[in-house]
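Undergrad:
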Amino acid sequence: MASEAKMQGQELKRRIRPGEALSAMKILLRDKEDTAQVFRIVEALAGNSYYRHFRRFAGSEGGRRILACRSNLLDRLRDRERLARCPKGSLGQQYLAFVYGEGLSAEGLVEASEEGGVRSFIDPDVALFRNRIRDSHDLYHVVTGYGRDGLGEICVLTFGNAQFHNHGIGFLLLLGLLKSRREHPGLPVLGPMIEAWRRGRAAKNFPEIQWEELLDRPLEEVRASLSLAPALRYRRAEPESKRIEVEFQVRRELAMQRQRDLEPA
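If you're matching positions, the sequence shown starts at 0 in numbering that gives the first Met the number 0 and goes up one per residue.
Dropping the structure here:
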């Protein structure tokens, strides 16, 4: 047991690499849809955070159950036929509608993390823990009620960081707050962020949740079981944030079309 704990510590303890994070930040500022850069920043600034949170996870009742059953969350989330059989209004049905509606896939996060240089782990328990955090990101969106608009992404990351702090995510949140205030001064951001933090602190610890067992349950019942308070401040700001998001996507598509037009036939 001592040698196993030592190996887990060696795998998860690492130095902070600010230069790598700054390089990724410059790319992300040019294209906020480049998810690989998000993973690069988080990995570069994670330090020992994964080690601390893995120890908490492995020592919890929920974490021990997950490690014992070895359930692969990614396999469940990419089985669209199974998700389509989930009852109407259930977590699984709402998750499927979310990923389809946003043009996403469970595999997309895996591809982005690999492109972002996220390391693989030798220890199977550590790997399972890290992969579940990655694979459950869009489930967090559905359960917390935060959309994929800019403010929604900031809030879901704030919620997660309230539960398992990572310096890289904290850096991204500060960057997002400053950028939003500069570019959209009329959009309230700090209030919804504070609300998201408080929701995260009050809710049950998401990494310890066996999401596979909740996919068939009504979404509102799942939210109540996780002690999730309503996101009232985000809801008030959501229409304006989504309008900004639509305008951004239109500009992005036009820029991409101009780039394609300049390419030789």
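Glycine included, C-beta positions come from ideal geometry on N, C-alpha and C.
Please report the straight-line C-alpha distance between Ile153 and Leu103, rounded to a whole angstrom.
TA: The straight-line gap from Cα to Cα measures roughly 18 Å.
Undergrad: Using 8 Å as the cut-off, can you tell me whether the segment 52–65 makes contact with the segment 201–218, which would need three or more C-beta pairs spanning the two stretches below that distance?
TA: Cβ pair count under 8 Å is three or more, so yes.
Undergrad: How would you call Ala195, buried or exposed, if buried means at least 16 neighbouring beta carbons within 10 angstroms?
TA: That one is buried.
Undergrad: Can you have a look at Gly18 and say buried or exposed, based on whether 16 or more other CB atoms are within 10 angstroms of its CB?
TA: Exposed, since its Cβ has fewer than 16 Cβ neighbours within 10 Å.
Undergrad: Could you please give the first and the last residue of the uninterrupted alpha helix (DSSP H) stretch that includes Ser89?
TA: Counting along the chain, Ser89 falls outside any alpha helix (DSSP H), and DSSP gives it neither H nor E.
Undergrad: Beta carbon of Leu156, beta carbon of Leu138: below 8 Å?
TA: Cβ distance not < 8 Å, so Leu156 and Leu138 don't count as in contact.
Undergrad: In the DSSP assignment, what residue or residues form a beta bridge with Pro229?
TA: BP columns for Pro229 are empty, so no partner.
Undergrad: What residue range does the alpha helix (DSSP H) around His140 cover?
TA: His136 to Thr143 is the span of the alpha helix (DSSP H), which, as asked, contains His140.
Undergrad: Rounded C-beta distance between Arg198 and Ala223? I'm assuming under 8 Å.
TA: Contact flag wrong, Cβ pair sits at about 13 Å.
Undergrad: Taking one C-beta from the segment 243–256 and one from the segment 138–151 each time, how about it: are there three or more such pairs within less than 8 Å?
TA: Flag = yes, the segment 243–256 and the segment 138–151 touch.
Undergrad: Considering only C-alpha positions, which residue in the set Gln162, Ile26 and His183 is nearest to His52?
TA: Ranking the options by Cα distance to His52, first place goes to Gln162.
Undergrad: What's the C-alpha gap between Arg16 and Val141?
TA: Looking at the two C-alpha atoms, the distance is approximately 32 Å.
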